[in-house]
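Trainee: Here my numbering is used: the first residue of the sequence shown is 13, the next is one more, and so on. We treat Cβ as the ideally placed atom computed from N, Cα and C, and that holds for glycine. In this text the structure is predicted, and so the values were computed from the model without any measurement. Sharing a structure, written as structure tokens. Questions coming.
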Amino acid sequence: MEHVDHILIVDDDREIRELVGNYLKKNGLRTTVVADGRQMRAFLETTPVDLIVLDIMMPGDDGLVLCRELRAGKHKATPVLMLTARNDETDRIIGLEMGADDYLVKPFAARELLARINAVLRRTRMLPPNLVITESGRLLGFGRWRLDTSARHLLDQDGTMVALSGAEYRLLRVFLDHPQRILNRDQLLNLTQGRDADLFDRSIDLLVSRLRQRLLDDAREPAYIKTVRSEGYVFSLPVEVLGAPS
């Protein structure tokens with residue numbers, strides 16, 4: 013039996029829920045609509061979905077809180093497309109920080125939402141050739157650092173843990189899985205966010221800057237993540253697999 017993608021729509025505006033749900037159904041998707049985080053949690057306890065459309069501005073737990081919760085739990089791999097009424101770059105950065113895969117500003121055309129949903133689903137299932145993020149638990153060593161890919165902990169040479177956001181962790185994983193290889197912004201966007209590269213191209217540069225800060229990497233003379241003019245970025249150090257985390 014052919015799989016039909018199941019989309020969960022979380023929005024406190026009943027009119028938007030119904031309009032979006034009906035439009036997606038007419039275009040071949042299975043949809044479920046809920047009004048808030050409580051209903052979202054209850055539904056996901058019993059039913060897996062392929063993508064969540066999540067409004068940011070909601071009473072109670074807002075979309076950013078819910079997105080962070082999803083990324084920390086058993087639904088961390090489920091793509092999230094966030095909706096917001098504000099076209100604010102800060103909101104976009106925070107949304108990406110929480111782990112959103114795409115971002116759409118209200119008011120929007122239902123046709124554009126459908127296109128974004130299909131793009132996110134396609135990109136999360138079809139990564140560029142030879143650029144696959146490994147998922148088994150490992151301890152990776154590079155320079156003065158170690159990354160526990162099971163617990164998602166970054167550890168310095170003294171064993172002190174350094175906190176990483178979801179977006180920072182995904183970007184570091186991409187670099188560590190493909191060391192000493194130039195990766196352009198399109199590849200990094202696809203691998204870390206599953207998004208159209210031209211949607212918010214600066215997001216990768218911002219993430220690289222934040223990750224350099226976590227690694228205490230001097231942006232003027234970086235030892236870990238080097239900028240390759242007109243091409244992208246390269247993780248310049250070799251990466252050693254130290255074994256499975258204890």
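(1) Note down the Cα distance separating histidine 87 from threonine 59, rounded to an integer number of angstroms.
(2) Please work out which residues of its chain come closer than 7 Å, Cβ to Cβ, to valine 253, disregarding the five sequence neighbours upstream and downstream, and give them in chain order.
(3) Report the start-end ranges of each beta strand (DSSP E) in the stretch 169-241 that is 3 residues or longer and not cut off at the edges.
(4) May I ask you to list the residues that DSSP assigns as paired with methionine 52?
(5) Restricting to Cα atoms, I'd like to know which of Gln51, Asp114, Leu126, Asp198 is closest to lysine 38.
(6) Look at methionine 94 and isoleucine 129 and say whether their C-beta atoms are less than 8 Å apart.
(7) Just curious, the beta strand (DSSP E) that arginine 158 is in, first and last residue?
(8) Taking the alpha carbon of aspartate 17 as the point to measure from, which residue in Cys79, Pro91, Glu233 has its own alpha carbon closest?
(9) Thinking valine 32 and isoleucine 64 are a contact (beta carbons under 8 Å), I'd like their distance in whole angstroms, please.
(10) Considering just the uninterrupted stretch of the beta strand (DSSP E) at arginine 42, what are its terminal residues?
(11) Would you please state the rounded distance, in angstroms, between the beta carbons of leucine 184 and leucine 223? I believe it to be under 8 Å.
(12) Compute the beta-carbon to beta-carbon distance between glutamate 243 and leucine 219, rounded to the nearest angstrom, for a pair I have assumed lies under 8 Å.
(13) Are the CB atoms of leucine 166 and leucine 176 within a distance shorter than 8 Å?
(14) Could you pull the start and end residues of the beta strand (DSSP E) that isoleucine 28 belongs to?
(15) Hey, would you say the C-beta of arginine 224 is under 7 Å away from at least one heavy atom of the ligand HEM?
(16) Short check: CB of leucine 30 to CB of valine 45, under 8 Å?
(17) Compute the beta-carbon to beta-carbon distance between aspartate 48 and glycine 72, rounded to the nearest angstrom, for a pair I have assumed lies under 8 Å.
(18) Could you please give the first and the last residue of the uninterrupted alpha helix (DSSP H) stretch that includes leucine 82?
(19) For histidine 190, is the classification buried or exposed, using 16 other Cβ atoms within 10 angstroms of its Cβ as the cut-off for buried?
(20) With 16 as the cutoff for other CB atoms within 10 Å, does phenylalanine 120 come out buried or exposed?
(21) Give the single residue among Arg158, Ala163, Met52 whose Cα lies nearest to the Cα of aspartate 170.
(22) In the DSSP assignment, find the beta strand (DSSP E) that holds isoleucine 64 and state where it starts and stops.
(23) Asparagine 142 by DSSP, collapsed to three states: which one?
Mentor: A quick look at the data gives this:
(1) 11 Å
(2) Arg150, Leu152
(3) 237-240
(4) DSSP lists no partner for methionine 52.
(5) Leu126
(6) no
(7) 157-160
(8) Pro91
(9) Contact doesn't hold; Cβ gap of about 12 Å is too wide.
(10) 42-46
(11) 6 Å
(12) Not confirmed; about 17 Å, so no contact.
(13) yes
(14) First-last for isoleucine 28: 26-38, but that is the alpha helix (DSSP H), not the beta strand (DSSP E).
(15) The model depicted lacks the ligand HEM and carries no ligand whatsoever.
(16) Reading off the sequence shown, one finds glutamate at residue 30, where the question assumed leucine. Cβ distance < 8 Å, so glutamate 30 and valine 45 count as in contact.
(17) 6 Å
(18) 75-84
(19) buried
(20) exposed
(21) Arg158
(22) 63-67
(23) Residue confidence for asparagine 142 is low, a pLDDT of 45 falling below 50, so the modelled location carries little weight and cannot support an answer.
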